[in-house]
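Chains as they are written, first to last, in our numbering: chain A, 1 to 376; chain B, 1001 to 1164.
Every residue gets a Cβ at the ideal spot worked out from N, C-alpha and C, and that includes glycine.
Owing to the predicted nature of the structure, the values given are computational and were not obtained by experimental measurement.
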């Protein structure tokens, strides 16, 4: 009993530690990465002993310290309690979402079988959408409690944008749920361990010989859904090209214009934690989660018949490593996107969400249903 | 006493408190946020009753979507404080509350022992069970409800597109 609780606590701590630190590291990568993209040096004051890499340590330790020791200003006409509650909600919802994302298969230690996932809910994907929908409150409350017209405008924009893109995001993953027949993220990740040729009927010999060797990852089964999900997820994190709620050139800083010190740090860290969570979701739903192609529980089984056996611990380490690499890759992809494209106009954001993403997501559901019936 | 029963009573007390806050707070935004908290607590009650699907949908639809739209409208209109309550409404409201309280008291005092607030069956609220009952036994009401929603959506679009 005690050991079970200990294991759950250890998993929760590990995931929280990884997400928070990755969020911090992303803050540094964003500065250095943007400099790389724009052909600048970027953040060069933070190097210690002439080592540019030490800037990372500086960002992880010096930045938060500086934030926490600055004055925490609450607008005199604002709502003091809600002004404090808002950043807490923004950071909380960004952090707890990762609880249902699996970061590995099972770890067998003697008699004990540990599922490498913090919470194994049978409604995992719905939990993520529910928590994401609560994330809007951080923005709305923060915007209202600041008693500032710029922040209120940002909050109104943010709530409308997030509600709109939640619909498209939810519909875009329906295809994946239909194929794997479950709402559990661990089951979806396991389902992506087979090959496409095992999913096709006997009659489809041509497809079997051409694409049958591919692993049954979501991206190969639902490429359109991935594009829709990626777009909607970027819109949910409120970053360029969807950063209308912040829009520096129009709204100063949008919903967090009246925030300083530790509370601003919470909004800031929450945004990066959202990026990590979005990357984790993309990995789990569309890129096999912790799966390494052809790696089964006892080692590699290549489609051409070769087999390489590995010890259990090696397999688990490979899986967790693969998951981490994929998550970091998608974090980088989002940062790359932020520094490569300009901001949309607000009516363009709304048109893209309701008139393009939503109909395409519905079409994807219908086509997937027809194909599934045809294959059976 | 079972742990889930304790959870039930704690959540219920909080639920009643937040519901009272919805009625008695003077700032409309505070009322709306108290309602969000109340809806969230109802979702927790569903979770303890082995109905995680209904609980999560409660958060997703009511707390996460409908209340955001409420707040959206409140923030747009920005009513600083509520007008003082009209005496007639106050009287009628009290009368309705009294009738409801009387009815509930009559129901509670009919001699039967109070039911256990914790549901027995674990498979009861699973997504599979919910889908099975929705698409077999209750498919007609389900479809009627969806047609009703569709009519509401079309109506909203027509109203929004009306030429001035």
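Taking a C-beta distance under 7 Å as the contact criterion, residue 175(A) and residue 225(A) qualify as a contact pair.
Residue 300(A) is bridged by DSSP to 295(A) and 308(A). Taking C-beta atoms as the reference points, residue 172(A) and residue 229(A) count as a pair closer than 7 Å. Under the Cβ distance rule, residue 352(A) does not count among the residues neighbouring chain B, no pair being separated by less than 7 Å. Contact between the segment 311-322 of chain A and the segment 102-116 of chain A is established, with three or more Cβ pairs separated by less than 8 Å. Residue 1005(B) and residue 1046(B) have their C-alpha atoms roughly 13 Å apart. Just so you know, the alpha carbons of residue 257(A) and residue 150(A) end up roughly 8 Å apart. When DSSP states are grouped into helix, strand and coil, residue 123(A) belongs to the coil group.
Shown in chain order are the members of the segment 1055-1070 of chain B whose Cβ falls below 8 Å from a Cβ of chain A: 1056, 1057, 1059, 1060, 1063, 1064, 1065, 1068 and 1069. Of 1044(B), 1100(B), 1140(B) and 1069(B), the smallest CA-CA separation from residue 1007(B) is found for 1044(B).
A straight-line Cα-Cα distance of about 7 Å links residue 154(A) and residue 143(A).
In this structure residue 210(A) is exposed. Its beta-carbon is surrounded by fewer than 16 other beta-carbon atoms within 10 angstroms. By the neighbour-count criterion, in which 16 or more other beta carbons inside 10 Å mark a residue as buried, residue 205(A) falls on the exposed side.
In the DSSP assignment, residue 167(A) falls outside any beta strand (DSSP E) and within the unbroken alpha helix (DSSP H) covering 149-172.
At a cut-off of 7 Å, the C-beta of residue 1072(B) has a neighbouring C-beta in chain A.
Listed along the chain, the chain A residues whose CB falls inside 7 Å of the CB of residue 1029(B) are 144. Judged by beta-carbon spacing, residue 94(A) lies beyond the 7 Å limit of residue 1059(B), meaning their Cβ atoms are not closer than that value. A distance below 8 Å between beta-carbons, with the five flanking residues on each side excluded, links residue 328(A) to the following residues of its chain, in chain order: 22 and 279. Spanning the alpha carbons of residue 37(A) and residue 336(A) requires a straight line of approximately 8 Å. Taking a Cβ-Cβ cut-off of 7 Å, the neighbours of residue 129(A) in chain B comprise 1060, given in sequence order. Between residue 138(A) and residue 89(A), the C-beta gap is smaller than 7 Å, which places the two residues in contact.
The C-alpha of residue 1023(B) lies about 7 Å from the C-alpha of residue 1031(B).
Only residues of its own chain outside the window of five on either side were considered, and among them 1032 have a CB closer than 6 Å to the CB of residue 1071(B), listed in chain order.
In chain order, 122 and 123 make up the part of chain A whose C-beta sits under 9 Å from the C-beta of residue 1126(B). Pairing residue 261(A) with residue 67(A), the inter-Cα distance amounts to about 5 Å.
If you check the CB distance, residue 1040(B) and residue 1063(B) come in under 7 Å. Three or more pairs of CB atoms, one per stretch, sit closer than 8 Å, so the segment 215-224 of chain A contacts the segment 191-198 of chain A. Distances from the alpha-carbon of residue 1050(B) to those of 1127(B), 1160(B), 1152(B) and 1163(B) put 1127(B) closest.
Assigned with DSSP and collapsed to three states, residue 214(A) falls in coil, not helix or strand. The residues 183, in chain order, have a CB closer than 6 Å to that of residue 125(A) in the same chain once the five nearest residues on each side in sequence are set aside. Between residue 277(A) and residue 97(A), the C-beta gap is smaller than 7 Å, which places the two residues in contact. Restricting attention to 1056(B), 1131(B), 1092(B) and 1021(B), the CA atom closest to the CA of residue 1038(B) is found in 1021(B).
Counting the other Cβ atoms within 10 Å of the Cβ of residue 188(A) gives 16 or more, which makes it buried. The segment 233-241 of chain A and the segment 110-124 of chain A do not touch, with fewer than three beta-carbon pairs separated by less than 8 Å. Exclusion of the five residues before and after residue 275(A) leaves 26, 237, 331 and 334 as the residues of its chain whose Cβ lies within less than 7 Å of its Cβ. Annotation: the segment 219-244 of chain A contains the following complete segments of the alpha helix (DSSP H) (minimum length 4 residues), in chain order: 223-236.
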